[in-house]
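Those protein sequence lines, which keep their order, are chains A and B.
If you're matching positions, the first sequence starts at 821 in this note's numbering and goes up one per residue.
If you're matching positions, the second sequence starts at 426 in this note's numbering and goes up one per residue.
Here the structure comes first, spelled out in structure tokens, and everything after it is commentary.
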Amino acid sequence: MYKISTTPHINSKQTTQKIMRDVIVALSPAIFSALVIFGYRALIVLITSITSCVFFEYVIGKKLKLGNTTNDLSAVITGILLALNLPATMPIWMIIIGSFMAIGVAKMAFGGIGKNIFNPALVGRVFLFISFPVQMTYWIKPHSFDFFNIDAGTAATPLKTMKNLDIGESLSSLTSYWDLFIGNIGGSMGETSALAILIGFVWLLKQHIIRWHIPVYFVGSFAICMMITHWITGNSQYDVLAHILSGGLMLGAVFMATDYTTSPMTKKGKIVFAVGCGVLTYIIRVFGSYPEGVSFAILIMNAWVPLIDKYCPQYVYGTGRK
Amino acid sequence: MKTKTFSIGGIHISKHKSSAQIPVEELALPDIVHIPVKQHIGTPAKIKVKIGDKVKVGTLLAEADGIISANVFSSISGEVKKIEEINDGKGWLVTVITIEREGDEFEPYMDLSDDLMTDISDDKEALRQVIRSAGIVGMGGAGFPTAVKTSIPEGKKADTLIINGIECEPYLTADSRLMEEKAEQIIIGVRILNKILGIQNAIIAIDENKPRAIAKLTQITKRYVGVNVRVCKSIYPQGGEKQLINTITEREVPSGMLPIDVGCVVQNVATVYAIYEAVQKHIPLFRRILTVSGDMNDNPRNYLVRVGTPISFVLKQNKVDMEKVGKVIIGGPMMGQTIAALDAPVTKMTSGIILLSKETSDKPESTSCIRCGKCVDACPMGLMPLNIRQAVNENNKEELRLLHVQDCVQCGSCSFVCPAKIPLLDFCKIGKFELSRK
């Protein structure tokens, strides 16, 4: 007797675990830049965050009888993303609380992988940001924790600097675009180097893990809003390029807004979602009291995903294109 | 020439066309054949012989019963031993005429020479009648009687004839070999169809992965009016009827309608060759080319096989080590059906016998859906399989209707690409079934 089964009889070699592995590879330049810029302290934050995320996924999965899903590597990614969203000086116990919020509350309580509404790493980050505002905005100068240098000092992030700029003053007198691009600035561990994030983006596209729409429309819509504001006000605190290269915009657009589970399905839906993220980020950065708005923007748009999915369906063959 | 493809979805699959360079060889004759009376969509043919009758190759065994039916001819010479019901391997009982072979004698009306007959003398109606009496059905796998497909219903008009030479299923190379070896005969077959349909616009669509067939047919079509070759991208399911129509004409067949509603008639190349043989050589449909291949088959072959030959006999001739085989598929690995036992015969619709090893025969275990959207990007009909799955689980018929599940062409692209290995097509089939059930 030979096996009887439904069609198709062959499957692609792609698996959830392989996808996650590719995302980790894509994150590795950002991890590398965090280690270069923030030294051993970055390593401590990363290890703490990854271990506690995987630990919570395992323990809570077992308690809620969701099975052991740690080998799909998604908890590792949440751990990395959470770490990259924190300042290198974050106390360890706070990181563990953040990991619990990310995995326990935002992911496992909803039913585990694929069921969550909000991006787990962002929930963890925002929770920490609201609970521990002092520690979460304590920015050290790059290379404060080089392995042979313990001369730590604080530095304001470019966004903070820009927000407090006087009219006529320009950011470039304080920080060069090049420093912003390679990440030689203060900020969260993985946010600072646009270059590292772009390398990851190229890898994700090459491996067909994500499509280009969300990152490009996110950054694009943000840039257009900012450009108009800059043009109307003439105020250099609205410098478009500086805004794109600083804060969590690049990391958020490439790695957080593109999270499969919490972003829309169709191309049309992805564009609506990304433009929403871009405009909200702009609104928070320009009119809000926080210098940074990427996390909030993505979380707010996450909540809209079911509705976007409903109203942006795929075009069905033979139904007549309008 | 620019390659074309359809506008929605589609996936890349490794084609494994290892038998593409192997010429078609005639399979040895079996000692016994089981010829089913139903090798088509529609009513089974009415049996015209009785036990003990002597038959030759080409003797009418069963006659078409009604319009949607097809004649069945004997494929060997010998004696009718039994008229019985056997298991078709898929779980159905089918009525077969079992014939024991004596020699290999042909009915005298057939022209078995290799001479090419280019002139088409009959008129439209007579040509259609020949196709009908030769028992020709769609040989791509659907098995719809060809004479019916070439009769244009009242009020409809055909303006494009599309010949499907895509063969997008992995492993299968029967159509590919046929196009290389019988190129001119196919083109004459196309001209017969042109004459029946009263049009001068036939397009032979070939997958870009068949360069030799493309070169050969392109060269020959230069000598004939009204027949052209179009190269299509190697994307699955390029050979799907709706996708092919969209590729060639940029039209879309509206939901629930037929190709003729958008002015198209689509025929498979093997069917077109059968039409040539029937009209120009008076040979009815009693044999076909099929591919024997698979991931553990190191002896892939293309055979010319008599209809009714037991699959076990074909595999024995192919010298496959059946110990290592886990799954036997009739047709391609994407849409073909598996059989449990090998007594089933080759029919007019059998385009291949694909053998998968024990290791690849097991369905992978599925994990949670991560909403990656790969199924949505893959679906050539623009459906959202993951949402269909959810609607099936919730038994939400209204939602299933809104999701257009009845438009699913069952190509299997969604299940193929799913990284969580969820059998999405199964859910789509359940959804279609639920909607068809009142």
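For glycine and all other residues, C-beta sits at the position ideal for the given N, C-alpha and C.
The structure displayed is predicted, hence computed values, not measured ones.
C-beta atoms of residue i and residue j nearer than 9 Å
i	j	result
S1056 of chain A	L1000 of chain A	no
M1085 of chain A	G503 of chain B	no
G733 of chain B	S500 of chain B	yes
T520 of chain B	E509 of chain B	yes
L622 of chain B	A572 of chain B	no
I556 of chain B	Y1080 of chain A	no
S1041 of chain A	G1006 of chain A	no
I522 of chain B	V449 of chain B	no
E605 of chain B	K635 of chain B	yes
T575 of chain B	I673 of chain B	no
G651 of chain B	N619 of chain B	yes
N512 of chain B	A769 of chain B	yes
G932 of chain A	G881 of chain A	yes
M840 of chain A	V874 of chain A	no
A854 of chain A	A846 of chain A	no
P1035 of chain A	A1094 of chain A	yes
L710 of chain B	I561 of chain B	yes
S1115 of chain A	M1076 of chain A	yes
S601 of chain B	K442 of chain B	yes
R731 of chain B	M564 of chain B	no
L1100 of chain A	G1089 of chain A	no
Between the CA atoms of residue j and residue i - distance to the nearest angstrom
i	j	result
A929 of chain A	I588 of chain B	55 Å
I857 of chain A	I864 of chain A	14 Å
V753 of chain B	L1015 of chain A	52 Å
L1069 of chain A	V745 of chain B	59 Å
S1008 of chain A	Y958 of chain A	10 Å
R945 of chain A	A816 of chain B	34 Å
S951 of chain A	R676 of chain B	58 Å
E877 of chain A	G924 of chain A	7 Å
N743 of chain B	T772 of chain B	18 Å
P1126 of chain A	F841 of chain B	26 Å
M721 of chain B	E592 of chain B	21 Å
Q834 of chain A	M774 of chain B	33 Å
K706 of chain B	P662 of chain B	34 Å
Closer than 9 Å to chain B by CB, residue i
i	result
N1145 of chain A	Because chain A here runs from 821 to 1142, residue 1145 of chain A falls outside it and cannot be looked at.
I937 of chain A	no
V800 of chain A	Here chain A has residues from 821 to 1142 only, and residue 800 of chain A is not among them.
G932 of chain A	yes
S894 of chain A	yes
M821 of chain A	yes
Q1027 of chain A	no
T889 of chain A	yes
T898 of chain A	no
Residue i burial status per 10 Å Cβ neighbour count (16 or more: buried)
i	result
K647 of chain B	exposed
K463 of chain B	buried
M747 of chain B	exposed
D529 of chain B	exposed
D539 of chain B	exposed
Q610 of chain B	buried
P804 of chain A	With chain A covering only 821 through 1142, there is no way to say anything about residue 804 of chain A.
I1052 of chain A	exposed
L860 of chain B	exposed
G807 of chain B	buried
I970 of chain A	With a pLDDT of 46 at I970 of chain A, under the threshold of 50, the modelled position of that residue is not reliable, and no figure is offered here.
L541 of chain B	exposed
H1063 of chain A	buried
T543 of chain B	exposed
P911 of chain A	exposed
is_contact[residue i, chain A] using C-beta, thresh 9 Å
i	result
V690 of chain B	no
M759 of chain B	yes
F841 of chain B	yes
L452 of chain B	no
Q835 of chain B	yes
M535 of chain B	no
T643 of chain B	no
C804 of chain B	yes
Closer than 8 Å at the beta carbon, the chain D residues around residue i
i	result
F858 of chain B	Absence of chain D from the displayed structure is noted, the protein chains being A and B.
Point to revise | Entirely enclosed beta strand (DSSP E) segments - the region 491-523 of chain B, minimum 3 residues | key: Contiguous beta strand (DSSP E) elements confined to the region 491-523 of chain B occur at 503-512, taking only those with 3 or more residues.
Notebook entry, point to check: Along the chain, which unbroken stretches of the alpha helix (DSSP H) at least 4 residues long are found entirely within the region 708-790 of chain B?
Noted result: As far as the region 708-790 of chain B is concerned, its whole alpha helix (DSSP H) runs of at least 4 residues are 736-742 and 783-786.
Worksheet item: Which parts of the region 602-633 of chain B are runs of the beta strand (DSSP E), unbroken and 3 residues or longer, counting only runs that do not cross its ends?
Response: Runs of the beta strand (DSSP E) inside the region 602-633 of chain B: 627-632.
query = If you scan the region 1056-1129 of chain A from start to end, which runs of the alpha helix (DSSP H) of 4 or more residues do you find wholly inside it?
reply = Taking only runs of at least 4 residues, the alpha helix (DSSP H) segments lying wholly in the region 1056-1129 of chain A are 1060-1065 and 1087-1107.
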